[in-house]
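Visitor:
2 protein chains.
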Amino acid sequence: MPIKEVDLERVRELPFLKTANDDTFRRLIQGAFLQRFPAGTTLLTEGDSVDFLYIVLDGTVELSGTWNDKETILALLGPLSTFILAAVVLDTSALMSATTRDRSDILMISGETLRRAMQEDAAFGFAVSQELAGCYRGLVRSMKSQKLRGGIERLANYLITQRVRQGDVETITLPHEKRVLASLLGMTPENLSRAFASLADYGVAVNGPLVTIGRPVVLTRLAKPDALIDNHAPEVMRGGGKARLEAWPNQPERMTV
Amino acid sequence: MPIKEVDLERVRELPFLKTANDDTFRRLIQGAFLQRFPAGTTLLTEGDSVDFLYIVLDGTVELSGTWNDKETILALLGPLSTFILAAVVLDTSALMSATTRDRSDILMISGETLRRAMQEDAAFGFAVSQELAGCYRGLVRSMKSQKLRGGIERLANYLITQRVRQGDVETITLPHEKRVLASLLGMTPENLSRAFASLADYGVAVNGPLVTIGRPVVLTRLAKPDALIDNHAPEVMRGGGKARLEAWPNQPERMTV
DNA sequence: TTCCATCCTTGATCTATGTCACGGAGAGCC
DNA sequence: GGCTCTCCGTGACATAGATCAAGGATGGAA
Numbered sequence: 000m001p002i003k004e005v006d007l008e009r010v011r012e013l014p015f016l017k018t019a020n021d022d023t024f025r026r027l028i029q030g031a032f033l034q035r036f037p038a039g040t041t042l043l044t045e046g047d048s049v050d051f052l053y054i055v056l057d058g059t060v061e062l063s064g065t066w067n068d069k070e071t072i073l074a075l076l077g078p079l080s081t082f083i084l085a086a087v088v089l090d091t092s093a094l095m096s097a098t099t100r101d102r103s104d105i106l107m108i109s110g111e112t113l114r115r116a117m118q119e120d121a122a123f124g125f126a127v128s129q130e131l132a133g134c135y136r137g138l139v140r141s142m143k144s145q146k147l148r149g150g151i152e153r154l155a156n157y158l159i160t161q162r163v164r165q166g167d168v169e170t171i172t173l174p175h176e177k178r179v180l181a182s183l184l185g186m187t188p189e190n191l192s193r194a195f196a197s198l199a200d201y202g203v204a205v206n207g208p209l210v211t212i213g214r215p216v217v218l219t220r221l222a223k224p225d226a227l228i229d230n231h232a233p234e235v236m237r238g239g240g241k242a243r244l245e246a247w248p249n250q251p252e253r254m255t256v
Numbered sequence: 000m001p002i003k004e005v006d007l008e009r010v011r012e013l014p015f016l017k018t019a020n021d022d023t024f025r026r027l028i029q030g031a032f033l034q035r036f037p038a039g040t041t042l043l044t045e046g047d048s049v050d051f052l053y054i055v056l057d058g059t060v061e062l063s064g065t066w067n068d069k070e071t072i073l074a075l076l077g078p079l080s081t082f083i084l085a086a087v088v089l090d091t092s093a094l095m096s097a098t099t100r101d102r103s104d105i106l107m108i109s110g111e112t113l114r115r116a117m118q119e120d121a122a123f124g125f126a127v128s129q130e131l132a133g134c135y136r137g138l139v140r141s142m143k144s145q146k147l148r149g150g151i152e153r154l155a156n157y158l159i160t161q162r163v164r165q166g167d168v169e170t171i172t173l174p175h176e177k178r179v180l181a182s183l184l185g186m187t188p189e190n191l192s193r194a195f196a197s198l199a200d201y202g203v204a205v206n207g208p209l210v211t212i213g214r215p216v217v218l219t220r221l222a223k224p225d226a227l228i229d230n231h232a233p234e235v236m237r238g239g240g241k242a243r244l245e246a247w248p249n250q251p252e253r254m255t256v
């Protein structure tokens, strides 16, 4: 699948490619592939050695890990996310599997070329560091959420984050199947159902993939969102008024769709 | 506290400084401080803006996060670990608090200088990327352990990792108080006690900070260690023989003490 | 020595979460 | 319509983990 001019322009706008000089950019693109995959395609299995940096141009990619016949989803990535960057930088094997959830257009950049470019174009190398730092901080946030909050609280905060991202609407649309969401939030589908049921007391009404947040203030009081865990970018949080809610800066961090 | 020549040599050996050119190294050190802190000193509180990259030269530093009056330990760092690198690279505020657990010697490098150096010395910038990538992968491992394993399994794997790192000895020494270990493993101290008690059936005997692993094979059968979760570097795993145990490469990743 | 503080352990109990089983709603198909 | 499939919700139950309370061990400090 040829790389279209319009795709190139989109990719060029990625933060970690924006500061690269034209020469670096050209080199990276020259050895790159753009491929369209159907839903459910396994792009990478954990343990595989990694030859490419992947960039989601369209669709959704799920990053997951397994152990002892159990599986968990670690992140869901939408357009213009990179993944497997850390493994590429270290030229080692992947710790996570990557699977498409929708039909997806994926740009694959040669890992070898990327590493060489980083060592020759310092501005580009710095931008990659920033991208990695963003991924790292995204994971720190997930980890804190996982260890410090209970299931209902994780769900409540997820809903609030979605609400902000979807433009403070009253009714949000869950972007994924509920069993996928359950795994991302670290619980079973059965428990997610029950968590939704519990949130009815806080003004949350569920209708298929549509979730109406009738009393955002009440839900927020339960969720206690925190700027150091929840990344509500690009919108800024209003209301609430507690210490940590006062300043809610945009974080240039990876967003988990 | 003046920076001694011997300290400089140790710091120079850090992977992420080894490839830096002499000029870069000199510049980084020039604006650096070496400070000795007593145990229990808070170096950084989550939310603080970050001006320095920290490097543990001696002692132990705990990275923790809080929410809703609960606290959890995210990592315990020993000598020659860096921390808060991601926040420095992005010039943003810290997501974790950092506290000394022992008396500790900490080298502090100006964040501004570091960022400038990265953009001027591509080899150095690349090395920082590798350091960040290692931190990221360490967190991915923790996350998988947290979401996929139960408390007893997490403890069992912790013990096996310690055994490998301490040189395959029969009796290992827990490097931290048990309540600290409990928080790191994501459980309460009470539950850690009970988890130790359960492991008695698998040949584990506890005596204060000394833990004797009488039947490593039996414990390993329970723990099911996995190269994609547990980082047993620098030693290589022997025995076991299951698929994923065959190759257990040394991972150049951050080690959580 | 006695006192006190800290850390750890243990038992009783409660809560959260996982597991198993079942049934309904809806989509696609013949 | 009737079939089958997947996803979702729900009840009954089992298990893991948290909480509360108490007490034992240890190691200073007076």
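Protein chains in written order, with numbering that gives the first Met the number 0: chain P, 0 to 256; chain W, 0 to 256.
All residues carry an ideal CB built from backbone N, CA and C; glycine is no exception.
#1: What residue does the alpha helix (DSSP H) around W:R9 start on, and which one ends it?
#2: Please return the same chain residues whose Cβ sits closer than 8 Å to the Cβ of P:R193, not counting the five positions on each side in sequence.
#3: Would you check if the distance between the CB atom of P:A19 and the CB atom of P:F125 is smaller than 7 Å?
#4: Leaving out the 5 sequence neighbours to the left and right, which residues in its chain are closer than 7 Å to P:T112 when beta-carbon positions are compared?
#5: With distance defined between alpha-carbon atoms, name the residue in W:E61, W:M95, W:L84, W:L16 nearest to W:R178.
#6: Could you give the distance in angstroms between the alpha-carbon of P:E12 and the alpha-carbon of P:R35?
#7: Please go through the same chain and pick out, in chain order, the residues whose beta-carbon is closer than 6 Å to the beta-carbon of P:I228, but skip the five residues on each side of it.
#8: Helix, strand or coil for P:T44 per DSSP?
#9: Can you list the beta strand (DSSP E) stretches of 3 or more residues lying completely in the segment 41 to 93 of chain P, in chain order?
#10: Can you tell me which of the three DSSP states P:L16 falls into?
#11: Taking the alpha-carbon positions, what's the W:K3 to W:A121 distance?
#12: Identify whether W:T187 lies in helix, strand or coil by the three-state DSSP scheme.
#13: Any Cβ of chain W within less than 7 Å of the Cβ of P:M142?
#14: Comparing the C-beta of P:G137 with each C-beta of chain W, is any distance below 7 Å?
#15: So the beta strand (DSSP E) W:V205 belongs to, where does it begin and stop?
#16: Based on the DSSP secondary-structure assignment, which residues constitute the bridge partners of P:I212?
#17: Of the residues P:G185, P:H231, P:G150, which one's Cα is nearest the Cα of P:F195?
#18: Check the DSSP bridge columns for P:F125 and list the partner residues they point to.
#19: Can we say the segment 95 to 105 of chain W touches the segment 146 to 163 of chain P, given the rule of at least three CB pairs closer than 8 Å?
#20: Return the first residue and the last residue of the beta strand (DSSP E) that P:M107 is part of.
#21: Note down, in chain order, every chain P residue with its Cβ under 9 Å from the Cβ of W:D50.
#22: Roughly how many whole angstroms lie between the Cα atoms of P:A199 and P:L76?
#23: Alpha helix (DSSP H) containing W:I151: first to last residue?
Guide: With the given structure in hand:
#1: 4 to 11
#2: If we look at P:R193 and ignore the five residues flanking it on each side, it has no Cβ neighbours.
#3: no
#4: R26, L27, G30
#5: W:E61
#6: 21 Å
#7: R140, K143, S144
#8: Coil.
#9: 41 to 43, 51 to 57, 60 to 66, 69 to 76, 80 to 82
#10: In the three-state scheme derived from DSSP, where H, G and I count as helix and E and B as strand, P:L16 is classed as helix.
#11: 28 Å
#12: The answer is coil: DSSP assigns W:T187 none of H, G, I, E or B.
#13: yes
#14: No, because no Cβ of chain W sits closer than 7 Å to the Cβ of P:G137.
#15: 203 to 206
#16: P:V203
#17: P:G150
#18: P:F125 pairs with nothing; no bridge assigned.
#19: no
#20: Where P:M107 is concerned, the enclosing beta strand (DSSP E) stretches over 103 to 109.
#21: What W:D50 touches in chain P: nothing, since even the nearest Cβ is about 16 Å away.
#22: 29 Å
#23: 150 to 164
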